[in-house]
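Take the sequence shown: its position 183, counted from the start at 1, is 246 in our numbering, and no numbers get skipped. Working notes, structure below.
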Amino acid sequence: MSHQLGLFDSSLGGLTVLRRLIESYGPISCLYLGDTARVPYGNRSATEIRSIADEVVSWLRKEKVSAVVMACNTTNALARDVAERAAAGLPVFGLIESVAGQVSVSRVGVLATPATAASGAYTRAIQRTCFEINIFEQPCPAFVPMIEAGDLASSALRQAAVSYLRPLLKQQVREIILGCTHYPLIEPLLHQLLPPDIRLLDPARALARDLDCFLGTPLRSRTCRDLLTLQSTRLCVTADPEGFAERTVRWLGIRPHVELVSLRPSACAF
Ligand code: DGL
């Protein structure tokens, strides 16, 4: 049976999750929504984020997806319950729950959007699996706007990264969770700035494993890079489809066709 997965994020970040899924399972049938009209989510209030999650998941359900993947930590942290309600019985998969059990040290850092960090969702999820782990959540307000702007080699981005990593290093964390799906896009920069023995955890890897039960046998033994294809993926955004397609190339290596959609049913003209 073929499943259409519905993935969503504020913009480019969820593509890092999509990429992990395609690397694991090959060309899965998938509808991706980047809510580019409202990026960034992570600097918004909890009320706004919950209302956005409701609208996005309701739209995905109307588009007949068979499961929802919250490829966005911010909505996962603040609106998982809203997403489940809007999904009306469809399975909902989240990054935070998937990675929580993967922490293997007693001191872990989390880099996240301000809204995710303030919610304490990572701390709660990790401490549910082991109460003894110390978790340090670091808000990174500048990362998403800078990553969306596309200059990943800028000195401003480097400086921001240094200032966000410093408090975590001071706390002597041994692992750092990339608690926003945009951050794998700057993983090389983070590695440059960190001592080699600090491990970065991308929750999308754990999420991909959690989807085994839904998608069947993964292709993990094959060489993943060669498999990247968007042939079964429909990419939609709520603004600037051309700009999104252009920015996608850096991460996926492909310039895809991107559709502009409206999440609300259009008003009746009569
Ligand atoms: N990439 C999303 C996340 O994982 C949203 C980031 C944002 O729009 O601020 O949190």
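Just so you know, even glycine gets a beta-carbon here, dropped at the ideal spot from N, CA and C. Values in this document were obtained by computation on a predicted structure and should not be read as measured data.
Three-state secondary structure (DSSP) of Y185: helix
Check the C-beta distance from Y104 over to I112 and give it rounded, since I have them as a contact under 8 Å. 6 Å
Does the ligand DGL have a heavy atom nearer than 8 Å to the CB of P103? yes
Alpha carbon to alpha carbon, how far is K127 from L232? Give it in angstroms, no decimals. 45 Å
What distance in whole Å lies between the Cβ atoms of L253 and L263, which are believed to be in contact at a cut-off of 8 Å? 6 Å
Would you mind giving the Cβ-Cβ distance between A150 and V131, rounded to the nearest angstrom? I have them listed as a contact below 8 Å. 5 Å
Determine the extent of the beta strand (DSSP E) in which L70 is found, giving its start and end residues. Start and end: L68 to D72.
When the distance is taken between beta carbons, is N136 closer than 9 Å to T179? yes
Host alpha helix (DSSP H) of L293 (start-end): Taken as a continuous stretch (DSSP letters only), L293 belongs to no alpha helix (DSSP H), as it is neither H nor E.
With H, G and I counted as helix, E and B as strand and the rest as coil, what does DSSP make of F333? Low confidence applies here, because F333 scores a pLDDT of 46, under 50, leaving its location unreliable and the question unanswered by this model.
Verify the contact flag: T137, CB atom, against every heavy atom of the ligand DGL, threshold strictly below 8 Å. Within the cutoff, so yes.
What would DSSP say about R288, mapped onto helix, strand or coil? For R288, the predicted structure reports a pLDDT of 48, less than 50, and the residue's modelled location is therefore unreliable. The matter cannot be settled from this model.
Just the C-alpha distance for L274 and G157, rounded to the nearest angstrom, thanks. 10 Å
Indicate the three-state DSSP secondary structure (helix, strand or coil) for V324 in the structure shown. coil
For G242, is the classification buried or exposed, using 16 other Cβ atoms within 10 angstroms of its Cβ as the cut-off for buried? buried
Residue burial classification, E309 (beta-carbon count within 10 angstroms, cutoff 16): exposed
Can you check the stretch 165-218 for any beta strand (DSSP E) of at least 3 residues that lies completely inside it and give the ranges in chain order? 170-175 and 197-202
Going by the beta-carbon positions, is the gap between Y95 and G76 smaller than 9 Å? no
Leaving out the 5 sequence neighbours to the left and right, which residues in its chain are closer than 6 Å to V145 when beta-carbon positions are compared? R113, A116 and D117
Is it right to say G69 is buried, meaning 16 or more other beta carbons lie within 10 angstroms of its own, or is it exposed? buried
Excluding the 5 residues flanking A271 on each side, which residues of the same chain have their C-beta closer than 6 Å to its C-beta? R83, L84 and S87
Contact check, Q222 vs G172 under 8 Å by CB: the rounded distance? Not quite, the Cβ-Cβ distance comes to about 18 Å (not below 8 Å), so this is no contact.
Under the three-state DSSP convention, the category R221 falls into: If DSSP states are grouped into helix, strand and coil, R221 belongs with the helices.
Helix, strand or coil for C276 per DSSP? Helix at C276.
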